[in-house]
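What follows is a single structure, written as structure tokens, with notes after it.
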Amino acid sequence: MTDLRRRPRQKTLLRGEITTLTGMVMSCAIRDLSEGGARLTFGDATWVPDRFKLAIFGREWTANAEVRWRKDNQVGVEFRSLRIHQAPAERAQHIA
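Under the working numbering, the letters of the sequence shown match residues 5 to 100, in that order.
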């Protein structure tokens with residue numbers, strides 16, 4: 005099977021949270037990740053909308069995501085925009 009991703013993904017086990025356009029919040033696990041997208045797992049992926057905001061804990065990333073595929077409790081997303089937040093320790097070094 006050919007991998008059609010534009011950027012290679014790194015296997016992870018990070019915690020994430022999606023926020024829908026209506027404000028509903030759902031927790032997820034991030035199983036692999038790149039700057040272009042991710043594979044997410046949910047307890048129940050039935051209610052995951054086609055577009056949402058994703059917060060990635062442990063990386064301090066937020067992204068506007070769009071679903072590209074669904075299978076069982078997994079969802080593959082492409083990032084439409086990605087914001088990488090600076091860690092607090094890095095901010096303190098820049099201020100000093």
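Even for Gly, the Cβ is constructed at its ideal location relative to N, Cα and C.
Cross-strand partners of residue i (DSSP beta bridge)
i     : result
Asp36 : Lys15 and Arg43
Met30 : Ile22
Gly80 : Arg43 and Trp73
Thr66 : Ala59 and Arg87
Among the options, nearest to residue i - alpha-carbon criterion
i     : options                : result
Ala67 : Lys15, Glu21 and Thr50 : Glu21
Beta-carbon proximity list for residue i, same chain, < 6 angstroms, skipping 5 on both sides
i     : result
Ser31 : Glu21
Arg55 : Glu70
Val81 : Gly41, Ala42, Ala69 and Val71
Close-in-space but distant-in-sequence residues of the same chain around residue i (CB under 8 angstroms, 5 per side omitted)
i     : result
Pro12 : Ser38
Arg87 : Trp65, Thr66 and Ala67
Val29 : Glu21, Ile22 and Thr23
Arg95 : Caution applies to Arg95, whose pLDDT of 48 falls short of 50 and renders its modelled position unreliable; the value that the coordinates give is listed next. There are no such residues.
Leu2  : A query on residue 2 cannot be resolved here, the shown segment of the chain reaching from 5 to 100 and no further.
8 angstroms Cβ cutoff met for residue i and residue j
i      : j     : result
Thr123 : Lys57 : Since the first and last residues shown for the chain are 5 and 100, residue 123 lies out of range.
Ser27  : Phe83 : For clarity, residue 27 is Gly in the given sequence; the question names Ser instead. Cβ distance not < 8 angstroms, so Gly27 and Phe83 don't count as in contact.
Gln14  : Leu44 : no
For residue j and residue i, believed in contact at Cβ under 8 angstroms, the rounded distance
i     : j     : result
Arg35 : Gly62 : The Cβ separation is near 13 angstroms, so there is no contact.
Arg72 : Ala49 : 13 angstroms between Cβ atoms; not a contact.
Residues near residue i by beta carbon distance below 7 angstroms, same chain, minus five either side
i     : result
Ala59 : Gly20, Glu21 and Thr66
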